[in-house]
Amino acid sequence: MGVAIRDILVDCREPVSWDDLSGIAAVDAHNALYQFLSIIRQPDGTPLMNGKGRVTSHLSGILFRTANFLEKGIRPVFVFDGKPPELKQETINERRKHRAMADEAWKMALQEGDLEEAYRQASASARIDAHILESSRELLDLLGIPWLEAPSEGEAQAAWMVRKGSAAYVVSQDYDSLLFGAPVLVRNLTVSGRRRVRGRMVTVNPERIVLSSLLNRLGLTREQLIEIGILAGTDFNPGVRGIGAKKALKIVQKGEFESVIAEKQPDFNPAQITDFFLNPPVTDDYTLEWSAPDIEGVVEMLCGRYDFSEERVRSALTRVSVKATQKTLDAWF
């Protein structure tokens with residue numbers, strides 16, 4: 001879910017061209033994997049799989065999206081979630097329940113022959129397991145792409161890396177990194193292009209949110225943005241019933257956050273959530289190094305073990321190093 005503040009950010013999102021995105025991008029790895037697993041599916045919602053029934057949608061997403069990044073001068077570093085905070089356990093449990101329900105709804109829709117509903121429910125049932133994580137990290141290693149595991153929330157670590165200058169921006173579909181202090185968030189990089197939304201195909205383009213501009217436009221401090229998130233709902237609390245982002249914005253602008261919390265949720269102390277957003281566990285123990293891909297290693301993994309088309313794999317790997325009008329992959333090293 002992330003933080004439910006989308007409705008107040010409509011005027012804060014600016015379109016951005018791929019030409020303006022060259023540089024190091026801290027990618028929220030779990031968010032990207034969920035996007036790949038949700039979107040890269042058959043028309044009936046079945047994920048891509050190899051002959052042994054192993055899901056490969058995420059590997060397809062990593063290969064082709066990473067090739068696209070590198071071709072456009074973007075050097076990604078994938079930041080994986082570490083141990084989730086106790087504050088998040090209720091959300092994790094709810095998500096598991098929701099995915100299980102979506103999985104059952106998918107099977108029912110298939111039986112009824114409703115492919116549109118089947119695709120929608122199948123997308124909602126996407127889950128990340130040990131196989132998804134292990135194979136993703138193996139492929140990133142073979143592609144020469146750095147990755148790290150955060151002490152806790154990946155978005156917090158990614159935000160920290162941008163704040164300290166290790167990366168230019170965070171890549172995520174969610175807005176949590178803004179509450180964690182990310183100076184720049186770029187959305188739609190992992191889902192740009194033609195995709196299915198609510199049963200129809202649309203074109204999705206990259207968009208950028210600059211935290212300082214957002215705060216200035218709304219007349220807020222970062223702490224107040226966190227208060228809006230707490231009222232509307234975050235991964236660490238369900239929010240206040242009946243209060244969405246727009247209403248929360250008015251409450252905070254009037255200085256009524258504490259009084260509303262005291263009235264609506266007298267047993268709730270938001271201080272620990274505020275502190276987690278302001279001071280999340282992060283690490284400086286990482287090294288960002290990109291290397292040329294192990295082409296034969298990638299081919300062996302994807303084609304030998306996961307039944308990918310060798311022609312498509314080699315073509316994708318060629319794209320990252322051959323383009324006359326741009327830097328080649330070798331120019332980074």
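Start counting the sequence shown at 1; every next residue gets the next number (the UniProt record's numbering).
Every residue, glycine too, gets a C-beta built ideally from N, C-alpha and C.
- Taking a C-beta distance under 7 Å as the contact criterion, Asn50 and Asp307 qualify as a contact pair.
- Considering only Ala109, Phe36, Ile295, the residue with the shortest C-alpha distance to Leu189 is Phe36.
- Judged by their CB atoms, Val16 and Arg208 are nearer to each other than the 7 Å cut-off.
- Taking a C-beta distance under 7 Å as the contact criterion, Glu149 and Gly82 qualify as a contact pair.
- Using a 10 angstroms sphere on the CB of Asn237, the tally of other CB atoms reaches 16 or more, which defines it as buried.
- About 26 Å separates the beta carbon of Asp275 from that of Val171, a gap too long to meet the 8 Å contact definition.
- Looking at the DSSP output, Pro206 bridges to nothing.
- Nearest neighbour of Ser123 by Cα position, chosen from His98, Ile251, Gly113, turns out to be His98.
- Below 8 Å, enough C-beta pairs join the region 259 to 270 and the region 231 to 250 to call them touching: three or more.
- Excluding the 5 residues flanking it on each side, Ile5 has same chain C-beta neighbours closer than 7 Å at Tyr175, Ile228, Gly229, Ala232, Ala245, in chain order.
- By the Cβ-count criterion, Ser315 is exposed, with fewer than 16 other Cβ atoms from all chains shown falling within 10 Å of its own Cβ.
- Of the candidates Val282, Val298, Arg75, Arg75 places its Cα closest to the Cα of Ala26.
- Within 10 angstroms of the beta-carbon of Ser177 lie 16 or more other beta-carbons, which makes it buried.
- As a beta-bridge residue in DSSP terms, Ile74 pairs with Gly23.
- Setting aside the 5 residues that flank it on each side, Asp103 is surrounded in the same chain by Ser125, each with a C-beta closer than 7 Å to its C-beta; the list follows chain order.
- Taking one beta carbon from each stretch, the region 154 to 164 and the region 137 to 146 have fewer than 3 pairs nearer than 8 Å; the two do not touch.
- Within the DSSP secondary-structure output, Arg187 pairs in a beta bridge with Glu207.
- For Tyr119, the enclosing alpha helix (DSSP H) begins and ends at 115 to 124.
- Secondary structure note for Tyr169: its beta strand (DSSP E) is the uninterrupted segment 169 to 171.
- Under DSSP, Pro15 forms a beta bridge with Glu207.
- The beta carbon of Tyr286 sits closer than 7 Å to those of Leu148, all from its chain and outside the five residues before and after it, given in chain order.
- Measuring C-alpha to C-alpha distances from Cys12 to each of Pro183, Leu33, Arg217, Pro270 identifies Arg217 as the nearest.
- Taking C-beta separations shorter than 6 Å and ignoring five residues to either side along the sequence, the partners of Gly45 in its chain run Trp106, Ala118, Tyr119, Ala122, following chain order.
- The closest CA to that of Leu9, considering only Ile40, Arg312, Tyr34, Val210, is found on Val210.
- Our two residues, Phe180 and Thr221, have alpha carbons roughly 13 Å apart in a direct line.
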